[in-house]
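Since the structure comes first, as structure tokens, the remarks are kept for the end.
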Amino acid sequence: MSRGIEYKTREEMRVMARAGVIVERALAAARATAAVGVTTREVDAAARAVIEEAGATSNFLGYHGFPAVSCISVNEEIVHGIPGDRVLRDGDVVSVDCGAIVDGWHGDSAVSFGIGEISGAHQRLIDATKRSLWAGIAALATAQRFDDVSAAIEDVADAAGLHPLEGYVGHGIGTAMHQAPDVMNYRTRGRHPRVKPGMCVAIEPMLVIGTGDSRVLDDDWTVVSADGSRGAHWEHSIAIHEDGIWVLTATDGGRSQLEPLGVIPVAP
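See the structure below:
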């Protein structure tokens, strides 16, 4: 067994799927709320209401002092944006990252979308980042090692002329939100862990129009592109079991996105 990796039973994966569907609903509420003139705090409140009504617990709220149930990043903010008084404007690119806990098991997912009328270049950024996510998930179905997933993500980014945000990666997930192994969004040297049944991972490409370099703002959370260019962020949590993979943060297990790529997800 790979060192430091938590392996799950199918029953534990099914509990994670319950958490994942709550996250899916929270993200849908956030996206439905986001509009011109709405603050990011109001978007976060919509996600919070779904989590609370479901009887779940937020895994973001209070995490190392984080003050909200979601990270909301706008334009040059790529990840870890703190919801607040920022008012959404026509043409903004927004990424919302959210999570929930059910019976001690975590779900984590993220989406990106435009506000009002966005430029063609920014829509292509959003679409390509989403494609890179699903390419990575499709690769996971047959991957021997996690670098197969990283390569699939990077190939989509390269074809779109985009750059992965350097230093920020996907991760294992289970009884904690962040666990081994790291899941890179670009090729790296070294020996990557083998993909084995019982693993659950969050794949989350973060792609930017610019160089991929970044800096953290004075709030010690918000990651912005170094050159001010915009980025997008998509994420899903996925279970790997003896019969295949299942996207835990999608009600259909990812079927609508994976079947066109030749992958048939199988529920744990």
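Numbering-wise, the sequence shown is residues 4 to 271 according to this note's numbering.
Heads up, the beta-carbon is just placed ideally off N, CA and C, and yes, glycines get one too.
This one's a predicted model, so the numbers in the text were calculated from it and none came from an experiment.
Might you give, ordered along the chain, the residues of its own chain that have their beta carbon closer than 6 Å to the beta carbon of residue i, omitting 5 neighbours on each side?
i	result
glycine 257	Val250 and Pro268
methionine 202	Ile243
Count the other CB atoms within 10 Å of the CB of residue i; is the residue buried (16 or more) or exposed (fewer)?
i	result
glutamate 157	buried
alanine 142	buried
serine 122	exposed
alanine 235	buried
glycine 177	buried
serine 259	exposed
Please go through the same chain and pick out, in chain order, the residues whose beta-carbon is closer than 8 Å to the beta-carbon of residue i, but skip the five residues on each side of it.
i	result
alanine 229	Gly213, Thr214, Asp216, Ser217 and Arg218
I need the boundaries of the alpha helix (DSSP H) containing residue i, first residue and last residue.
i	result
aspartate 161	150–163
tryptophan 237	Here tryptophan 237 belongs to no alpha helix (DSSP H), and DSSP marks it neither H nor E.
glycine 23	13–36
By the three-class DSSP mapping on this structure, what secondary structure does residue i have?
i	result
leucine 210	strand
serine 259	helix
threonine 42	strand
tryptophan 137	helix
methionine 4	Any reading at methionine 4 must be qualified, since the residue scores a pLDDT of 38, below 50, and its modelled position is unreliable; the value itself is stated next. Note: methionine 4 maps to coil in three-state DSSP.
histidine 125	helix
isoleucine 176	coil
arginine 89	coil
histidine 67	helix
glutamate 245	coil
valine 53	helix
alanine 144	coil
Let's see if you can read the secondary structure: which residues bound the beta strand (DSSP E) around residue i?
i	result
glutamine 182	182–186
glycine 265	Where glycine 265 is concerned, there is no enclosing beta strand (DSSP E), given that its DSSP letter is neither H nor E.
alanine 103	96–105
phenylalanine 116	108–117
valine 198	Neither: valine 198 is in no beta strand (DSSP E) and is coded neither H nor E.
valine 226	226–228
Once you ignore the five residues that flank residue i on each side, which residues in its own chain have a CB closer than 7 Å to its CB?
i	result
arginine 17	Pro271
isoleucine 85	Pro70, Ala71, Asp222, Trp224 and Thr225
valine 159	Ala131, Arg134, Ser135 and Ala138
isoleucine 75	Thr43, Val46, Asp47, Gly84, Pro86, Val97 and Val99
serine 232	Glu79, Val211, Ile212 and Gly213
Residue i and residue j: beta carbons closer than 7 Å?
i	j	result
isoleucine 206	isoleucine 104	no
histidine 166	valine 96	no
serine 22	valine 53	Sequence check: residue 22 is alanine here, not serine. No, the pair does not count as a contact, with Cβ atoms beyond the cut-off.
alanine 59	isoleucine 25	yes
arginine 240	threonine 252	Position check: residue 240 holds serine in this sequence, whereas arginine was assumed. Closer than 7 Å, so yes.
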